[in-house]
Amino acid sequence: RGAAEKHKTQNTNTNMDNIAREYVRLVLAIGKHDDGYVDAYYGPAEWAPTEVQPLQELVAWAEKLVLDIKTVSSSSTPAANEPEQSRRVFLEKQLCAVKTHVTSLASGAKLSFDEEARVLYDASPPHKTDEELRALLSALDARLPQAPSTSSTPTSLAERYNEWKKQFIIPTDKLDAVFQCALAEAKRQTLARIPLPAGENFVVEYVTGKPWSGYNWYKGGFFSVIQVNTDLPIYIDRAFDLAAHEGYPGHHVFNSLLEEQLYRGRGWAEYCVYPLFSPQSLIAEGTANFGIEMVFPTLTERVAFEEQHLFPLAGIPSSLAREFYEIESTMRGLDYVTNEAARRLVDGVFTKEQTIDYLSSFLATRERAAKRVSFFEVYRSYVINYNLGMDLVRSFIDTRVRTNFESGSGSGSSGTGSGSGVEDEEKVRAARWREFTALLSQPCVPSMLV
1074 RGAAEKHKTQ NTNTNMDNIA REYVRLVLAI GKHDDGYVDA YYGPAEWAPT
1124 EVQPLQELVA WAEKLVLDIK TVSSSSTPAA NEPEQSRRVF LEKQLCAVKT
1174 HVTSLASGAK LSFDEEARVL YDASPPHKTD EELRALLSAL DARLPQAPST
1224 SSTPTSLAER YNEWKKQFII PTDKLDAVFQ CALAEAKRQT LARIPLPAGE
1274 NFVVEYVTGK PWSGYNWYKG GFFSVIQVNT DLPIYIDRAF DLAAHEGYPG
1324 HHVFNSLLEE QLYRGRGWAE YCVYPLFSPQ SLIAEGTANF GIEMVFPTLT
1374 ERVAFEEQHL FPLAGIPSSL AREFYEIEST MRGLDYVTNE AARRLVDGVF
1424 TKEQTIDYLS SFLATRERAA KRVSFFEVYR SYVINYNLGM DLVRSFIDTR
1474 VRTNFESGSG SGSSGTGSGS GVEDEEKVRA ARWREFTALL SQPCVPSMLV
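So for the sequence shown, our numbering puts the first residue at 1074; every next one is plus one.
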């Protein structure tokens, strides 16, 4: 019986290896029709197609691979820490997303925002009412300092907020120094918690004319090109946000660990390619956004670092750091405004101009609102990966940490409460980093996080 089970496992792994190689070739072939589809590839050069294949052939190819992966034997839906079983689920979800995308390219038909999010990103985005979202503005109104009354004093909340925020713009000639300092701190703290491949590295470029604010182009070999878009003024909080999100412990770390541990370590070919419109993106964006919080779990810690380092480098008074972050923290619940705006544009409820108006009613300047709409037009329901992705990742990690501590396995002892408050806090942080690292370096899809 043992030999039979071993033979069955070997056959299953062989089948998945074959499907994985076909998956990679299919994704690369689709990339010939959609320039933005292949976010990263560092597999064999000979797998890259030299000719453009008809879309209908690619649809048939995708349909066959979806059927193939469904025939691979498997037990029930795995937990996120069971790599061998999770691999099959990952491939199946990725292939379903690939089939959906290439079918859309071939037919020109588009799904609704919610259906697209479900099929491409394996998630169901919540709906927020305008009443829920506008209720959050009252907290900001109460916290925002009142400007001295003059004939030119802004009167609306949006005007007051945007006028107040101008003082926190990083001057263009200071941007690189601020960003490099933020990257150095993010890297320092990440390396203290996550062993990274030897020689991992990155370069930073400043670009214009993009619909996004930052991007990590992972090149393979543990090397990234991090681009920062300077079309619009960059506020002081974006320096560390982008450093952690695009760099450490975000996209650069995520991709490096996948390459090291799954593509090279296990020989799983599917991890040498990254199709952007797929469930992998929710994990990537969710962990990258949550990575900011991993480095600075408390507002006090972030303020202490930035008032000592980033604010002086930017030429902004350090005395304003706490006020800035306390006020900005009241804005967190408004992250989902982006989803609601994108949903209404994608579903045809709003025109482009109405979407800009809607975003502006939630404090965005018209210039920034227009930039967000340009992102929606290209990436559609992809926007859910940032806020919903972060919330799912946070909930998953915190639940696992809490469960492990309650069972006595989270700290190597009987749990929290056995030491000083400082000791217990460090045990919890160490446990969060362990769970975070595990999530970055094993097969996982969003539905495993729920």
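Where a beta carbon is used, it is the ideal one built from N, C-alpha and C, also for glycine.
- [ ] Quick one: grab the DSSP three-state call for G1406.
- [x] Locating residue 1406 in the sequence shown gives position 333, counting from the first residue. G1406: helix per DSSP, three-state reduction.
Open item on the list: Check this for me: beta carbons of V1451 and I1429, under 7 Å apart or not?
Closed with: Your numbering for residue 1451 matches position 378 in the sequence shown. Your numbering for residue 1429 matches position 356 in the sequence shown. No, the Cβ-Cβ distance between V1451 and I1429 is not below 7 Å.
Open item on the list: Less than 7 Å between C-beta atoms, sequence neighbours within five positions excluded: which residues of the same chain meet that for T1173?
Closed with: By one-based count along the sequence shown, residue 1173 stands at place 100. Around T1173: V1192 and L1193.
TODO: Can you tell me which of the three DSSP states G1323 falls into?
DONE: In the sequence shown, residue 1323 corresponds to position 250, counting from 1. For G1323, the secondary structure class from DSSP, reduced to helix, strand or coil, is coil.
TODO: Assign G1359 to buried or exposed, taking buried as 16 or more other Cβ atoms, counted over all protein chains shown, within 10 Å of its Cβ.
DONE: Taking the first residue of the sequence shown as 1, we reach residue 1359 at position 286. Here G1359 is buried, its C-beta having at least 16 other C-beta atoms within 10 Å.
Task: One or two residues paired with W1134 in a DSSP bridge - done: As a position in the sequence shown, residue 1134 is number 61, starting the count at 1. Per DSSP, none; premise fails for W1134.
TODO: Kindly indicate the opening and closing residues of the beta strand (DSSP E) around I1365.
DONE: For the purposes of this step, residue 1365 is taken as residue 292 along the sequence shown, with counting starting at 1. Looking at the DSSP string, I1365 is not in any beta strand (DSSP E); the run it does join, the alpha helix (DSSP H), is P1352 to V1368.
TODO: Specify whether the region 1366 to 1385 and the region 1325 to 1335 touch according to this definition: at least 3 beta carbon pairs, one from each stretch, less than 8 Å apart.
DONE: Fewer than three pairs of CB atoms, one per stretch, sit closer than 8 Å, so the region 1366 to 1385 makes no contact with the region 1325 to 1335.
- [ ] Go ahead and label A1153 buried or exposed: buried means 16 or more other beta carbons lie within 10 angstroms of its beta carbon, across all protein chains shown.
- [x] The sequence position of residue 1153 within the sequence shown is 80, counting from 1. Caution applies to A1153, whose pLDDT of 49 falls short of 50 and renders its modelled position unreliable; the value that the coordinates give is listed next. Here A1153 is buried: its Cβ has 16 or more other Cβ atoms, across all protein chains shown, within 10 Å.
Task: Y1455 classed as buried or exposed, judged by whether at least 16 other C-beta atoms fall within 10 angstroms - done: To locate residue 1455, count along the sequence shown from 1; it is residue 382. In summary, Y1455 is buried, with 16 or more beta-carbon neighbours lying within 10 Å of its beta-carbon over all protein chains present.
Open item on the list: Does the region 1341 to 1350 come into contact with the region 1098 to 1106, if we say contact requires no fewer than three beta-carbon pairs (one atom in each stretch) closer than 8 Å?
Closed with: The region 1341 to 1350 is in contact with the region 1098 to 1106.
TODO: Would you mind stating whether V1298 and W1290 have Cβ atoms separated by less than 7 Å?
DONE: As a working note, residue 1298 is residue 225 in the sequence shown. As a working note, residue 1290 is residue 217 in the sequence shown. Yes, Cβ-Cβ distance for V1298 and W1290 is below 7 Å.
Open item on the list: Just to confirm the assignment, what range does the alpha helix (DSSP H) spanning W1237 have?
Closed with: The residue labelled residue 1237 in the question sits at position 164 within the sequence shown. That run of the alpha helix (DSSP H) goes L1230 to K1238.
Open item on the list: Taking the alpha carbon of L1178 as the reference point, which residue from A1342, Y1336 and F1350 has its own alpha carbon closest?
Closed with: Here residue 1178 refers to the residue found at position 105 of the sequence shown. When A1342, Y1336 and F1350 are compared, the shortest CA-CA separation from L1178 is found for F1350.
- [ ] Out of P1122, A1387 and H1106, state which residue places its alpha-carbon closest to the alpha-carbon of E1095.
- [x] By one-based count along the sequence shown, residue 1095 stands at place 22. Measuring C-alpha to C-alpha distances from E1095 to each of P1122, A1387 and H1106 identifies P1122 as the nearest.
TODO: Compare the C-alpha of L1217 against each of N1235, D1187 and E1380 and name the closest.
DONE: Position 144 of the sequence shown, counted from the first residue, corresponds to residue 1217. It is N1235.
Open item on the list: Quick check: the region 1259 to 1267 against the region 1229 to 1249, are at least 3 beta-carbon pairs closer than 8 Å?
Closed with: When Cβ pairs closer than 8 Å are counted between the two stretches, the region 1229 to 1249 is seen not to touch the region 1259 to 1267, the count staying below three.
Open item on the list: Suppose the cutoff is 8 Å on Cβ atoms and the five residues either side in sequence are ignored; what does the same chain contact list for N1460 look like?
Closed with: Working through the sequence shown from its first residue, we reach residue 1460 at position 387. Same-chain partners within the cutoff: N1362, D1408, Y1409, T1411 and N1412.
Open item on the list: Beta-carbon within less than 8 Å of E1401's beta-carbon, same chain only, minus the 5 sequence neighbours each way: which residues are those?
Closed with: Position 328 of the sequence shown, counted from the first residue, corresponds to residue 1401. Cβ within range, chain order: D1310.
Task: Any beta strand (DSSP E) of 3 or more consecutive residues that is wholly inside the region 1271 to 1345 - done: Qualifying beta strand (DSSP E) stretches, in chain order: 1274 to 1280, 1287 to 1293 and 1296 to 1302.
- [ ] Taking all protein chains shown into account, decide if Y1321 is buried (16 or more other Cβ within 10 angstroms of its Cβ) or exposed.
- [x] Start at 1 with the first residue of the sequence shown, and residue 1321 comes out as number 248. Counting other Cβ atoms within 10 Å of its Cβ, Y1321 reaches 16 or more and is therefore classed as buried.
TODO: Starting from D1471, trace the alpha helix (DSSP H) both ways and give me its first and last residue.
DONE: In the sequence shown, residue 1471 corresponds to position 398, counting from 1. Per DSSP, D1471 belongs to the alpha helix (DSSP H) from I1457 to S1480.
Task: Rounded separation between Q1240 and D1420 - CA only - done: Here the question's residue 1240 lines up with position 167 in the sequence shown. Here the question's residue 1420 lines up with position 347 in the sequence shown. Each residue's alpha carbon lies about 37 Å from the other.
Task: Separation of A1133 from L1335, as counted between CA atoms - done: Position 262 of the sequence shown, counting from 1, holds the residue named residue 1335. Position 60 of the sequence shown, counting from 1, holds the residue named residue 1133. Looking at the two C-alpha atoms, the distance is approximately 28 Å.
- [ ] If I'm right that N1302 touches G1287 with Cβ under 8 Å, what's the distance once you round it to whole angstroms?
- [x] Translated into the one-based positions of the sequence shown, residue 1302 becomes position 229. Translated into the one-based positions of the sequence shown, residue 1287 becomes position 214. Confirmed, about 7 Å.
Task: Opening and closing residue of the alpha helix (DSSP H) in which A1036 lies - done: No information on residue 1036 is available, as it lies outside the stretch 1074 to 1523 that the chain covers here.
Task: Close Cβ partners of L1256 (< 6 Å) along its chain, the five nearest in sequence each way excluded - done: Walking along the sequence shown from the start, residue 1256 turns up at place 183. Hits under 6 Å: A1316 and G1320.
Open item on the list: Applying the 10 Å Cβ sphere with the 16-neighbour rule, what's the burial state of R1473?
Closed with: Here residue 1473 refers to the residue found at position 400 when the sequence shown is read from its first residue. R1473 is buried by the Cβ-count criterion.
Open item on the list: Using the three-state DSSP reduction, which class does P1107 fall into: helix, strand or coil?
Closed with: Taking the sequence shown and counting its residues from 1, one reaches residue 1107 at position 34. For the sequence presented, residue 1107 should be read as Asp rather than Pro. Coil at D1107, not helix or strand.
Task: Rounded distance between the beta-carbons of V1162 and A1135, thought under 8 Å - done: Counted from its first residue, the sequence shown places residue 1135 at position 62. Counted from its first residue, the sequence shown places residue 1162 at position 89. Rounded to the nearest angstrom, the Cβ distance from A1135 to V1162 is 18 Å, too far for a contact under 8 Å.
Task: Which residues DSSP lists as bridging P1348, in chain order - done: Within the sequence shown, numbered from 1, the residue matching residue 1348 stands at position 275. Looking at the DSSP output, P1348 sits in a beta bridge with V1111.
- [ ] Determine the DSSP secondary structure at I1243, reduced to helix, strand or coil.
- [x] Here residue 1243 is taken as the residue at index 170 of the sequence shown, counted from 1. Note: I1243 maps to coil in three-state DSSP.
Task: Residue burial classification, S1180 (beta-carbon count within 10 angstroms, cutoff 16) - done: Reading the sequence shown from its first residue, position 107 is the one you call residue 1180. Counting Cβ neighbours within 10 Å, S1180 comes out exposed, since fewer than 16 surround it.
TODO: Would you mind sorting K1183 into buried or exposed? The rule is 16 or more other CB atoms within 10 Å of its CB.
DONE: On the sequence shown, residue 1183 is found 110 positions in, with the first residue counted as 1. By the neighbour-count criterion, in which a residue is buried when 16 or more other Cβ atoms sit within 10 angstroms of its Cβ, K1183 is exposed.
Open item on the list: Looking at the secondary structure, which residues open and close the alpha helix (DSSP H) in which I1429 lies?
Closed with: Indexing the sequence shown from 1 puts residue 1429 at position 356. Here the alpha helix (DSSP H) through I1429 covers K1425 to S1434.
- [ ] Look at the alpha carbon of L1436 and the alpha carbon of E1232, and state the distance between them as a whole number of angstroms.
- [x] If you number the sequence shown from 1, residue 1436 lands on position 363. If you number the sequence shown from 1, residue 1232 lands on position 159. One C-alpha to the other measures close to 8 Å.
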